[in-house]
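Undergrad: I'd like to ask some things about the structure below.
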Amino acid sequence: MSMNYKFNQNKKCEFFPCHKVNNPEEFNCLFCYCPLYMLGEECGGNFKYTAGGVKDCSNCILPHVKDVGYDHVQKKMMTVIERVMEEKIKEKYGKNILTKDED
18 MSMNYKFNQN KKCEFFPCHK VNNPEEFNCL FCYCPLYMLG EECGGNFKYT AGGVKDCSNC
78 ILPHVKDVGY DHVQKKMMTV IERVMEEKIK EKYGKNILTK DED
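Under this note's numbering, the residues of the sequence shown are numbered 18 to 120, in order.
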């Protein structure tokens, strides 16, 4: 079975490639905006925080690496889903009813 769904490239994009890379032909645009940004330090990428506390991912190419980016993002997506669920439950009930939350 082909794995074409794991790789997408848009050479017509005015920002292509949006990160400095050695092999632009291997640059994966599938995750143009990283879905792992909200994980903060748990994303697994090469990022830093600015003096103002903003996460700067300009040096991170992990989601864009042809052979590993897709799999890395997929492994982390359950954590993203759980975080969003926790936030929504806290909004609705004032606390996380799925775990022992002492708020």
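For glycine and all other residues, C-beta sits at the position ideal for the given N, C-alpha and C. Quick caveat, the model's predicted, so the values are computed rather than measured.
1. Between which two residues does the alpha helix (DSSP H) holding Tyr87 run?
2. Do Lys93 and Gly61 have their C-beta atoms closer together than 8 Å?
3. Between the Cα of Glu156 and those of Phe48, Arg100 and Asn25, spot the shortest distance and give me the residue it belongs to.
4. Out of curiosity, what's the CA-to-CA distance linking Cys77 and Gly111?
5. Tell me whether Lys66 sits in a helix, a strand or coil according to DSSP, three-state version.
6. Note down the Cα distance separating Met55 from Ser19, rounded to an integer number of angstroms.
7. By DSSP's criteria, Phe44 is part of a beta bridge. Which residues make up the other side?
8. On the DSSP bridge assignment, give the partners of Lys72 in chain order.
TA: In this structure, then:
1. Translated into positions along the sequence shown, residue 87 becomes position 70. Here the alpha helix (DSSP H) through Tyr87 covers Gly86 to Tyr110.
2. Residue mapping note: residue 93 aligns to position 76 of the sequence shown, counting from 1. Residue mapping note: residue 61 aligns to position 44 of the sequence shown, counting from 1. Against a cut-off of 8 Å, the Cβ pair of Gly61 and Lys93 comes out as a contact.
3. Given a span of 18 to 120 for the chain in the structure shown, any question on residue 156 remains unanswerable.
4. Sequence index remark: in the sequence shown, residue 77 carries index 60 (1-based). Sequence index remark: in the sequence shown, residue 111 carries index 94 (1-based). A direct Cα-to-Cα measurement between Cys77 and Gly111 gives close to 36 Å.
5. On the sequence shown, position 49 is the one that residue 66 refers to. The sequence as given places Tyr at residue 66; Lys does not occur at that position. Strand, per DSSP.
6. Locating residue 55 in the sequence shown gives position 38, where the first residue counts as 1. Locating residue 19 in the sequence shown gives position 2, where the first residue counts as 1. If you take the alpha carbons of Met55 and Ser19, they lie about 31 Å apart.
7. Within the sequence shown, the letter at position 27 stands for residue 44. Note: Phe44 sits in a beta bridge opposite Val82.
8. The residue labelled residue 72 in the question sits at position 55 within the sequence shown. For Lys72, the beta-bridge partners assigned by DSSP are Tyr66.
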